[in-house]
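Asks: Take this structure first; my questions come after.
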Amino acid sequence: MNLVESLLHALKDHGAREIFGIPGDFALPYFRIIEESEILPLYTLSHEPGVGFAADATARIRGGLGVAAVTYGAGAFNMVNAVAAAYAEKSPVVVLSGGPGKGEASSGLLLHHQAKTLDSQLQIFKEITCDQVKLDDAARAPADIARVLASCLRNSEPVYIEIPRDMVREPCAPVVREAPRAIDRDALAACVDEILGRLDVAKRPVLMAGVEVRRFGLEEKVADLSRRLGLPVVTSFMGRGLLTDCDAPLVGTYMGVAGLPDVTQLVESSDGLFLLGEIISDTNFAVSETRIDLRQTIQAHNGQVTLGYHMYANMPLAALVDEMLARVKGNADKAFPVAHYQYPKGLVADGETIAPTDIAKAVNDLFAEHGRLPIASDIGDCLFTAMEIEQTALIAPGYYATMGFGVPAGLGLQATSGQRPLILVGDGAFQMTGWELGNCKRYGWDPIVLLFNNASWEMLRTFQPESGFNDLGHWGFAEMAAGLGGDGVRVSTRAELKAALDKAIATRGRFQLIEVTIPRGVLSTTLARFVAGVKRISTK
Ligand SMILES: Cc1ncc(Cc2csc(CCOP(=O)(O)OP(=O)(O)O)c2C)c(N)n1
Ligand SMILES: [Mg+2]
Numbered sequence: 001m002n003l004v005e006s007l008l009h010a011l012k013d014h015g016a017r018e019i020f021g022i023p024g025d026f027a028l029p030y031f032r033i034i035e036e037s038e039i040l041p042l043y044t045l046s047h048e049p050g051v052g053f054a055a056d057a058t059a060r061i062r063g064g065l066g067v068a069a070v071t072y073g074a075g076a077f078n079m080v081n082a083v084a085a086a087y088a089e090k091s092p093v094v095v096l097s098g099g100p101g102k103g104e105a106s107s108g109l110l111l112h113h114q115a116k117t118l119d120s121q122l123q124i125f126k127e128i129t130c131d132q133v134k135l136d137d138a139a140r141a142p143a144d145i146a147r148v149l150a151s152c153l154r155n156s157e158p159v160y161i162e163i164p165r166d167m168v169r170e171p172c173a174p175v176v177r178e179a180p181r182a183i184d185r186d187a188l189a190a191c192v193d194e195i196l197g198r199l200d201v202a203k204r205p206v207l208m209a210g211v212e213v214r215r216f217g218l219e220e221k222v223a224d225l226s227r228r229l230g231l232p233v234v235t236s237f238m239g240r241g242l243l244t245d246c247d248a249p250l251v252g253t254y255m256g257v258a259g260l261p262d263v264t265q266l267v268e269s270s271d272g273l274f275l276l277g278e279i280i281s282d283t284n285f286a287v288s289e290t291r292i293d294l295r296q297t298i299q300a301h302n303g304q305v306t307l308g309y310h311m312y313a314n315m316p317l318a319a320l321v322d323e324m325l326a327r328v329k330g331n332a333d334k335a336f337p338v339a340h341y342q343y344p345k346g347l348v349a350d351g352e353t354i355a356p357t358d359i360a361k362a363v364n365d366l367f368a369e370h371g372r373l374p375i376a377s378d379i380g381d382c383l384f385t386a387m388e389i390e391q392t393a394l395i396a397p398g399y400y401a402t403m404g405f406g407v408p409a410g411l412g413l414q415a416t417s418g419q420r421p422l423i424l425v426g427d428g429a430f431q432m433t434g435w436e437l438g439n440c441k442r443y444g445w446d447p448i449v450l451l452f453n454n455a456s457w458e459m460l461r462t463f464q465p466e467s468g469f470n471d472l473g474h475w476g477f478a479e480m481a482a483g484l485g486g487d488g489v490r491v492s493t494r495a496e497l498k499a500a501l502d503k504a505i506a507t508r509g510r511f512q513l514i515e516v517t518i519p520r521g522v523l524s525t526t527l528a529r530f531v532a533g534v535k536r537i538s539t540k
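Okay, structure coming up:
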């Protein structure tokens, strides 16, 4: 077996199911082995940001590893933002990069694609990955690969593997997985004692499930735990879509001033807020109506637990949940009002113009008739609109908030799960990575794409309306769809929107682009509430 085959078998053994990539001369040798070995399917896309977002999406929707394969320099640097998003949002993406061989590295010449030094790329990726290796020693490679892939899964964060192009066919032993790290059982017991004690005395305990609950495959267990503890469950903005298919007492999504008053009140008045796998970020907590005192909360994330001024290190979320389930038997007899949000439905298919909330209504009607689709959303008002769509699997960069995620993530979702995705994307974000739809035909992907075309960077305009640079003009996206291998239609009335969705859901084998014309300044109900709330609390 050669070094790349050993790496590919290890990736598969650790949960990778496909590779997204774009080669280059530093990468051609290892790409050739990916192609000829057929250990993992390879999907090439058109621009490295899309490669990173697609790989990230597979890790989010399926669990296990996402794999993004690029060339040295121009390719890898092009993907930094997507990997940073995966790092920020705890997504286990493996970055594979071709690299210079030993001979050329010592040639004394500056190499093409080199930025500052030959190691600059490794240094930059150290900032957005939790572990790294350059495979320049075939004897050490199996242990190095085992360490790095174990780090990726243990931390649920990206890792970086550089493959010098003169090493790819070096004979290499198979990779043996690292043994799981030992956990201090006494510390775990003490930690669970303290958590249960805190929850027991609380009068209004609430469990907030964060993205780590999905990253570590704990949704069913957390649903079970919440029933046994008798806790109402909420998700954060970033955690939207969690526990969708679980029997959990899910009250709704906490969004502070932008959310449902009942949910906001439940969370912000809690005297026992249990943040399980939650990223303590501004997008999740900075829009609180009343400042949440995080010191009064129980926080379990990033492999540690904090209660007030106590901190328990090396507390993997899975071990914590398992220990709590082992200690809490039977379902609590506690009941609590579950504020069932009435999602907007019953779109009136008339000649009226379209507001984002009409899109939510049309999608909810579609789901009611045809079943739910998983959603990949970009950021912008499309993501706020997603909060008004029935609970379904949702992947979106809700915290890191980069544009460009939606379309490639939808392609990654379909490639890895086989499910047809609904993609929500604004016109600004579509201008960045929407063109990846041109790859659908090669791979038989057929997403339904709802393009929110307000001809504007509307999120920015809501906070700085005086700036003319937010005007994007009309690009005629619908007309471009055919050239990219799909079907496109522009809709401007609610009747046209409904007809377009009915046609799209009935058409398989080609992507369906629905360009929705939204009048200037018309926001989703959720975004309007968010903007009003942010303005209100910023003037307090
Ligand atoms: C990669 C990147 N570059 C810039 C920005 C900054 C930004 C945040 S929101 C926004 C406008 C989005 O316009 P779009 O038409 O997609 O959606 P909408 O607001 O609903 O009209 C920008 C430019 C971000 N977040 N990511
Ligand atoms: Mg826009």
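Using UniProt numbering, you'd call the opening residue of the sequence shown number 1 and step up by one each time. Yeah, the Cβ is synthetic: ideal placement off N, Cα and C, and Gly gets one too. The structure presented is a predicted model; accordingly, all values stated were derived computationally and were not measured.
1) Please confirm whether any heavy atom of ligand 2 lies closer than 6 Å to the CB of asparagine 454.
2) Using three-state DSSP, classify serine 37 as helix, strand or coil.
3) For a test of your reading of the model: does the CB of aspartate 427 fall under 6 Å from any non-hydrogen atom of ligand 3? Yes or no.
4) When the Cα atoms are used, what is the spatial distance from aspartate 262 to alanine 386?
5) Assess contact between the region 39-46 and the region 4-20, defined as three or more Cβ pairs (one per stretch) separated by less than 8 Å. Is contact present?
6) Go ahead and pull the three-state DSSP assignment for leucine 229.
7) Does DSSP classify histidine 370 as helix, strand or coil?
8) According to DSSP, what are the bridge partners of aspartate 487?
9) Considering phenylalanine 285, what are the terminal residues of the alpha helix (DSSP H) in which it resides?
10) If you run the structure through DSSP and keep just helix, strand and coil, what is isoleucine 279?
11) Based on DSSP bridge pairs, tell me the residues matched to valine 425.
12) Once DSSP output is grouped into helix, strand and coil, what is the label at aspartate 471?
13) Relative to the alpha-carbon of tyrosine 400, which residue among Ser156, Asp166, Ser281 has its alpha-carbon at the smallest distance?
14) Rank Leu231, Pro171, Arg181 by C-alpha distance to the C-alpha of arginine 198 and give the top, closest one.
15) Inspect the beta-carbon positions of asparagine 2 and arginine 165 and report whether they are closer than 7 Å.
16) When you compare only the Cα positions, how much space is there between leucine 472 and glutamine 431?
17) Rounding to the nearest angstrom, what Cα-Cα distance links cysteine 172 and aspartate 25 in this structure?
18) I believe serine 46 touches asparagine 453 by the beta-carbon criterion, under 8 Å. Please report the beta-carbon distance rounded to the nearest angstrom.
19) Below 8 Å on the Cβ atoms is my guess for alanine 69 versus alanine 27; work out the distance and round it to an integer in Å.
20) Under 6 Å: does the beta carbon of glutamate 515 sit that close to some heavy atom of ligand 2?
21) Considering only the beta carbon of each residue, do serine 226 and leucine 207 sit closer than 7 Å?
22) What residue does the alpha helix (DSSP H) around histidine 310 start on, and which one ends it?
23) Among Pro316, Leu501, Leu275, Gly426, which one has its Cα closest to the Cα of valine 363?
24) Whole angstroms is fine: what's the gap from aspartate 381's alpha carbon to alanine 286's?
25) What residue range does the alpha helix (DSSP H) around glycine 171 cover?
26) To the nearest angstrom, how far is it from the Cα of leucine 273 to the Cα of alanine 393?
27) Any heavy atom of ligand 1 closer than 6 Å to the Cβ of aspartate 247?
28) If you run the structure through DSSP and keep just helix, strand and coil, what is threonine 58?
29) Would you mind giving the Cβ-Cβ distance between valine 522 and leucine 497, rounded to the nearest angstrom? I have them listed as a contact below 8 Å.
30) Using a 10 Å radius around the Cβ and a threshold of 16 neighbouring Cβ atoms, would you call histidine 112 buried or exposed?
31) Assign methionine 324 to buried or exposed, taking buried as 16 or more other Cβ atoms, counted over all protein chains shown, within 10 Å of its Cβ.
32) Inspect the beta-carbon positions of glutamate 89 and lysine 134 and report whether they are closer than 7 Å.
33) Let's test the definition: count the other Cβ atoms within 10 Å of the Cβ of tyrosine 30 and tell me whether it reaches 16, buried, or not, exposed.
34) Using a Cβ-Cβ cutoff of less than 8 Å, which residues in the same chain neighbour glycine 533 once the five nearest sequence positions on both sides are dropped?
35) Is any non-hydrogen atom of ligand 2 found closer than 6 Å to the C-beta of glutamate 458, if you look at the structure I gave you?
36) Identify every residue that forms a DSSP beta bridge with alanine 376.
Replies: Answer, in terms of the structure:
1) yes
2) helix
3) Among the ligands present in this structure, namely ligand 1 and ligand 2, ligand 3 is not found.
4) 19 Å
5) yes
6) helix
7) helix
8) Gln512
9) 282-285
10) coil
11) Leu451
12) strand
13) Ser281
14) Leu231
15) no
16) 10 Å
17) 23 Å
18) With a Cβ gap of about 22 Å, serine 46 and asparagine 453 do not count as contacting.
19) 7 Å
20) no
21) yes
22) Taken as a continuous stretch (DSSP letters only), histidine 310 belongs to no alpha helix (DSSP H), being part of the beta strand (DSSP E) at 310-312.
23) Leu501
24) 18 Å
25) The amino acid at residue 171 is misidentified as glycine; the sequence shows proline. Per DSSP, proline 171 belongs to no alpha helix (DSSP H) and is neither H nor E.
26) 25 Å
27) no
28) helix
29) Not confirmed; about 14 Å, so no contact.
30) exposed
31) buried
32) no
33) buried
34) Gly256, Val257, Ala258, Val287, Glu289
35) yes
36) Ile395, Ile423
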